[in-house]
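Worksheet: the structure to be examined is printed underneath.
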Amino acid sequence: MTRTILCAILFWALPNVGYSDGLLDKCESPSASFDLAVELFKTKDFSVFQLEQDYGSKVLVFLGLGLPNEIPTANWFITGRAKENADYCYLGVGMSVEPLKSPHETKFPEKYGMPSSGFPRCSKSTDPLGAIKVRSWAAKEIGDSFVLALSPGAKGSGSFVVLVSRVDKSWVLLKKQDSGETCYFDRGQYYKSQNFRWDR
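First residue of the sequence shown? That's 0 in numbering that gives the first Met the number 0, and the numbers climb one at a time after it.
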């Protein structure tokens, strides 16, 4: 499945055009997010990473697979489950999807994690290697990983790195803050990825 996504990313060059503002922090049902994927990606075919915790899906990462001669509004967006109900809120949307090499064998000594870990959650904004150090530690925690960097492009919003383990099914989601730090945004024990054709 990840190989299919990677091939799509590498072989389809998709232009950067604007998209509608006002999407972030809006919360909707999961089916509404799938409808939005068709609208933004300009195709009914797309991929979804379901990043899950014990109680079910926590984060949905939507990736457009692209079609020749089609101009998408965006190539990715992320939704997170609301605390008070089953809706999902939009966390980020953008154009750039870049596969990265798993950094699980790098030698940086710094450790990071969620608040309960006892480690800093974020890199230092003054550290030029901060983003790499956080990504490296995340990969060390979950092992050899499939890594995607999601960037906003000219008119998007939010910058994320998704790491999903090739060793087990664990995952880590990182977010780059406007102030420059890269932080642990969330993590969990299970993920699944699936290609969809949404004909609703």
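Cβ atoms here follow ideal geometry from the backbone N, Cα and C, with glycine treated the same way. None of these values were measured; they are calculated from a predicted model.
Quick check on the DSSP output: the beta strand (DSSP E) that includes residue i runs from which residue to which?
i: Ile141; result: No beta strand (DSSP E) holds Ile141; the alpha helix (DSSP H) holding it covers 129 to 141.
i: Val146; result: 144 to 150
i: Ile77; result: 75 to 80
i: Glu51; result: 44 to 52
For residue i, is the classification buried or exposed, using 16 other Cβ atoms within 10 angstroms of its Cβ as the cut-off for buried?
i: Glu140; result: buried
i: Ser46; result: buried
i: Glu214; result: The displayed coordinates of the chain run from 0 to 199. Any statement about residue 214 would go beyond what the structure contains.
i: Asn74; result: buried
i: Glu69; result: exposed
i: Lys25; result: exposed
i: Gly65; result: buried
Pick helix, strand or coil for residue i, following the three-state DSSP scheme.
i: Phe33; result: helix
i: Phe118; result: coil
i: Leu5; result: Interpretation of Leu5 is limited by its pLDDT of 41, a score under 50 that renders its predicted location unreliable; no figure is taken from the coordinates.
i: Leu39; result: helix
i: Asp185; result: strand
Measuring CB to CB, does residue i end up less than 8 Å from residue j?
i: Ile200; j: Gly55; result: Given a span of 0 to 199 for the chain in the structure shown, any question on residue 200 remains unanswerable.
i: Leu147; j: Val161; result: yes
i: Pro48; j: Val163; result: For clarity, residue 48 is Phe in the given sequence; the question names Pro instead. The answer is yes: Cβ separation under 8 Å.
i: Ala138; j: Ser144; result: yes
i: Lys43; j: Arg196; result: yes
i: Leu50; j: Gly187; result: yes
i: Lys174; j: Ser158; result: yes
i: Arg80; j: Tyr89; result: no
i: Lys110; j: Trp136; result: yes
What whole-angstrom Cβ distance do residue i and residue j have, given they're in contact under 8 Å?
i: Gly93; j: Gly155; result: 3 Å
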